[in-house]
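In this note's numbering, the protein residues as written are 1 to 319. The C-beta atom is built at its ideal place from N, Cα and C for all residues, glycine as well.
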Amino acid sequence: MSKTTKNYEQLATASGLRLDETRNILYGQRNGFQMVAYAADTRYPYLLTVCMSVSAPMGVLDKSDIKQFVKGEKGITSLVQDKNQIKMVVKSISNLQKMQENFNDSLNALIAFLTAKGCMPCCQFCGQKVETEGFDVGGSYMLLCPDCVGKFKQDMTIAAQQKEQKSENIIGGIVGALLGSVIGIICIIFFSQLGRISVLSGFVMAICTIKGYEMLGGKLTKKGIVISVIMMLIMTYVGDRLDWAIEIVKEWSDVNFFTAFQAVPYLLAEEVIDIGSYMANLILLYIFTIVGAAAAVYSVVKDRKLENKIGKIGSTTEL
């Protein structure tokens with residue numbers, strides 16, 4: 001068990017909630033209000049977001065009241081309402097005891113505020129004032145009634161079946177990957193013209209190429225991932241060569257861009273362009289692109305694991 005999970009465990013005990021160790025989510029009921037609390041960004045594990053599902057008398061809470069509430073509570077960073085969902089971000093505190101005190105005080109303050117405004121617990125999706133529980137719906141945490149859980153599960157099953165039946169359009173995927181990689185090329189040239197080689201260009205190249213394949217290819221298979229990776233490697237080279245062509249045109253204004261692009265290998269052979277600088281630049285771009293590709297593929301695999309899956313918070317069993 002990690003240190004963060006141990007701290008969450010103590011925080012759950014101190015606040016009367018429970019801990020889902022698999023997802024690192026605090027969940028449970030307080031004063032009749034069901035809630036879940038989690039770190040929206042795992043890089044900041046103690047910046048906790050508390051979610052409740054409530055029905056306000058007028059549908060929407062007054063924005064000035066929300067602003068006044070946040071202003072009066074030093075332990076709260078923000079409070080927003082999105083239809084039936086209330087999200088409160090509690091300030092990050094590394095000291096465990098102070099974190100527990102601030103978390104409890106913030107929960108009490110929020111419940112008192114909602115109660116004073118006449119809010120009642122409800123299902124986040126349908127808005128019915130019925131018993132709810134926390135669910136992980138495709139990676140999103142929601143407070144749902146049994147009827148809505150059944151509807152989500154049915155819709156997910158249908159969506160999974162439709163996706164499975166959908167055929168892969170390889171030609172369309174290649175076109176999509178090509179179009180996506182163009183955005184990566186623009187990013188490479190943009191940062192290079194600023195005098196920098198940014199890791200962001202590699203991420204943009206990888207993600208846009210893969211997403212482009214998926215959008216026009218209909219679905220992303222292992223074959224699609226391989227094609228996308230080959231495409232991004234080729235287009236990274238093209239982007240680097242286009243960048244050198246721009247530099248050549250800047251240096252020799254009487255040379256047109258097309259000629260400059262064709263002349264890059266010749267200028268390398270004649271050592272007009274320093275081969276060391278050229279290779280160092282290209283290798284660095286490839287490293288960033290490979291890192292970006294690994295991150296993009298990991299993201300796709302992770303999303304697939306979560307896609308069309310629903311599980312009860314506090315349980316490792318899928319519905």
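- For a cut-off of 8 Å, the C-beta gap from residue 246 to residue 189 is around 7 Å, short enough to register as a contact.
- Annotation for residue 28: 17 and 18 place their beta carbon closer than 6 Å to its own, counting only its chain and skipping 5 residues before and after.
- Distance from residue 88 to residue 50 at the Cβ level is roughly 5 Å; contact confirmed, criterion being Cβ atoms closer than 8 Å.
- The criterion of a C-beta distance shorter than 8 Å is satisfied by residue 213 and residue 173.
- Taking residue 30 as the centre and dropping the five residues before and after it, the same chain places the C-beta of 15, 16, 17, 107 and 111 closer than 8 Å to its C-beta, in chain order.
- DSSP, reduced to helix, strand and coil, places residue 25 within a strand of the structure shown.
- Comparing alpha-carbon positions, the option among 58, 65, 23 and 2 lying closest to residue 312 turns out to be 23.
- Here the C-alpha atom of residue 184 lies approximately 8 Å from the C-alpha atom of residue 232.
- Residue environment analysis places residue 251 among the exposed positions, since fewer than 16 neighbouring C-beta atoms fall within 10 angstroms of its C-beta.
- Using a C-beta cut-off of 8 Å, the region 224 to 231 makes contact with the region 157 to 177, since at least three inter-stretch Cβ pairs fall below that distance.
- Under DSSP, no beta-bridge partner is assigned to residue 265.
- Restricting attention to beta strand (DSSP E) runs no shorter than 3 residues, the region 124 to 208 encloses them at 133 to 137 and 140 to 144, ordered along the chain.
- Minimum Cα-Cα distance from residue 92 among the listed residues 62, 156 and 38 corresponds to 38.
- Of 101, 47 and 94, the smallest CA-CA separation from residue 78 is found for 47.
- According to the DSSP assignment, residue 86 belongs to no alpha helix (DSSP H) but to the beta strand (DSSP E) extending over 85 to 90.
- Per DSSP, residue 312 is not a residue of any alpha helix (DSSP H); the beta strand (DSSP E) it occupies stretches across 310 to 312.
- Comparing C-alpha distances from residue 220 to each of 266, 301, 248 and 235 shows the shortest one belongs to 301.
- Contact between residue 255 and residue 249 holds, with the beta-carbon distance rounding to 6 Å and staying under 8 Å.
- Of 8, 67, 34 and 138, the smallest CA-CA separation from residue 96 is found for 8.
- Residue range 48 to 55 is occupied by the beta strand (DSSP E) that includes residue 52.
- Around the Cβ of residue 211, a 10 Å sphere holds 16 or more other Cβ atoms; the residue is buried.
- Here residue 200 is actually not in contact with residue 100; their C-beta atoms are around 38 Å apart, not less than 8 Å.
- Using a Cβ-Cβ distance cut-off of 8 Å, the region 113 to 128 and the region 141 to 148 are in contact, since at least three pairs of beta carbons, one from each stretch, lie closer than that value.
- With fewer than 16 other Cβ atoms inside 10 Å of its own Cβ, residue 269 counts as exposed.
- Assignment of beta-bridge partners to residue 79 by DSSP yields 88.
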